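K.L.:
Residue numbering for the sequence shown is 0 to 292, as defined by numbering that gives the first Met the number 0. No residue lacks a Cβ here, since even glycine has one placed at the ideal position from N, Cα and C. Every value quoted in this text rests on a predicted model; they were computed, and no experiment measured them.
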Amino acid sequence: MKKSIAAFQRHLERERNASPHTVRAYVDDLEQFTAHLREELGREPRPRDADHLLIRAFLARLHRQGLKKSSSARKLATLRTFFRYLCREGVLESNPARALLSPRLERRIPAHLDESDVATLLAVEGDADAAVRARAILELLYATGIRCAELVGLDLPEVDMEGRFVRVLGKGRKERVVPFGTPAQNALRAYLPTRSKARPRTDALFVNARGGRLSDRSVRMIVQRRVQQVALAQKVSPHGLRHSFATHLLERGADLRAIQELLGHARLSTTQRYTHLDARHILEIYRKTHPRA
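#1: To the nearest whole angstrom, what separates the beta carbons of glycine 293 and alanine 17, a pair I think is in contact under 8 Å?
#2: By Cβ distance below 6 Å, which residues in the same chain neighbour proline 102 in space, the five residues on each side in sequence not counted?
#3: Considering only their Cβ atoms, is the gap separating leucine 85 from alanine 96 smaller than 8 Å?
#4: Whose C-alpha, out of Pro192, Ala203, Arg15, is nearest the C-alpha of valine 165?
#5: Which runs of the beta strand (DSSP E) spanning at least 3 residues fall entirely within the stretch 140–195, listed in chain order?
#6: By Cβ distance below 6 Å, which residues in the same chain neighbour glutamine 259 in space, the five residues on each side in sequence not counted?
#7: DSSP three-state label for arginine 212, please.
#8: Assuming glutamate 138 contacts proline 182 (C-beta within less than 8 Å), just tell me the rounded distance between them.
#9: Give the DSSP-derived three-state secondary structure of valine 206 in the structure shown.
#10: Are isoleucine 136 and valine 218 close, meaning C-beta to C-beta below 8 Å?
#11: Could I get the ranges of all uninterrupted alpha helix (DSSP H) runs contained in the stretch 223–256, with 4 residues as the minimum, in chain order?
#12: What does a CB cutoff of less than 8 Å around leucine 231 pick up in its chain, not counting 5 residues either side in sequence?
#13: Looking only at its chain, what residues have a beta carbon closer than 6 Å to the beta carbon of leucine 187, apart from the 5 residues adjacent to it on each side?
#14: Which residue comes first and which comes last in the alpha helix (DSSP H) that contains glutamine 31?
#15: Please determine, among Leu75, Gly41, Arg42, Gly263, the residue with the shortest C-alpha to C-alpha distance to proline 178.
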């Protein structure tokens with residue numbers, strides 16, 4: 000089993016160009032399943048030992064442990080992909096996870112801020128280095144809708160300050176170009192001297208006080224600290240700013256396909272979650288403005 004997982008990991012990295020985070024998630028799921036097989040069989044398992052009953056028992060155990068349906072669905076998807084790979088490589092004749100149904104998931108509407116709350120969040124005052132950097136980070140997150148991991152992965156050459164766009168390497172290592180507006184441009188220009196003061200040891204756009212690339216965790220802490228400063232009623236994360244970006248574009252009439260491209264979604268169905276928000280917005284306007292609403 001270990002050799003098969005290692006081969007699958009190489010396949011993800013070299014052929015599918017999966018991100019390190021995605022690869023780690025796949026491997027963690029498979030190692031957890033391997034531990035389950037080892038306990039059930041009383042020996043080191045082989046790929047052909049896995050059948051639909053053992054997989055179902057694995058999912059049932061996760062359910063008893065209180066794992067969310069979304070996490071169980073992801074682990075089942077991991078097993079399907081892994082065994083499909085082994086079938087293609089000739090290790091297995093059939094995929095034992097294929098016939099199992101994924102848990103039914105609730106369709107959640109993404110959390111987002113309204114435009115006035117976003118304006119409050121972005122109005123970072125002060126000339127201290129931390130404030131200047133926070134303002135640039137918040138402005139760019141909202142202006143582009145990029146993911147937190149994409150933000151910290153940005154290098155200086157990927158930012159066109161005059162053309163006002165960034166070149167982003169997203170999921171599956173797919174590149175896309177995302178524009179940003181004048182407020183983000185001004186915030187970035189104000190930040191660059193602060194960046195230089197840190198004597199950066201990397202091409203990263205956002206660096207810490209020691210000149211190293213800023214981490215995903217640090218960006219989340221910056222956003223959380225800012226939310227606490229302005230005492231917003233609603234919690235928000237970097238991903239919440241991404242949802243706000245998409246929602247506000249849709250509310251102002253942007254095409255769903257264009258939003259899909261900007262967000263870097265592989266499937267339009269992922270972007271279509273925002274149509275629920277738009278419908279709610281339209282209904283609210285109707286109730287406020289129609290004489291017989």
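P.N.:
According to the structure data:
#1: Any property of residue 293 remains undetermined from this structure, which presents the chain solely from 0 to 292.
#2: Lys68, Ser71, Ala72.
#3: Remark: C-beta atoms of alanine 96 and leucine 85 do not approach each other more closely than 8 Å.
#4: Comparing Cα-Cα distances from valine 165 to each of Pro192, Ala203, Arg15, the minimum goes to Ala203.
#5: Fully contained in the stretch 140–195 are the following beta strand (DSSP E) runs of length 3 or more, in chain order: 164–168, 174–178.
#6: Contacts found: Leu267, Thr270.
#7: DSSP places arginine 212 in strand when its eight states are reduced to three.
#8: Confirmed, about 6 Å.
#9: Valine 206 carries a strand assignment under DSSP once its states are collapsed to helix, strand and coil.
#10: Yes. Within cutoff.
#11: Restricting attention to alpha helix (DSSP H) runs no shorter than 4 residues, the stretch 223–256 encloses them at 237–250, ordered along the chain.
#12: The beta carbon of leucine 231 sits closer than 8 Å to those of Leu112, Asp116, Thr119, Leu120, all from its chain and outside the five residues before and after it, given in chain order.
#13: Within the same chain, leucine 187 has close Cβ partners Ala135.
#14: Glutamine 31 -> alpha helix (DSSP H) spans 19–40.
#15: Here the closest residue by C-alpha is Gly263.
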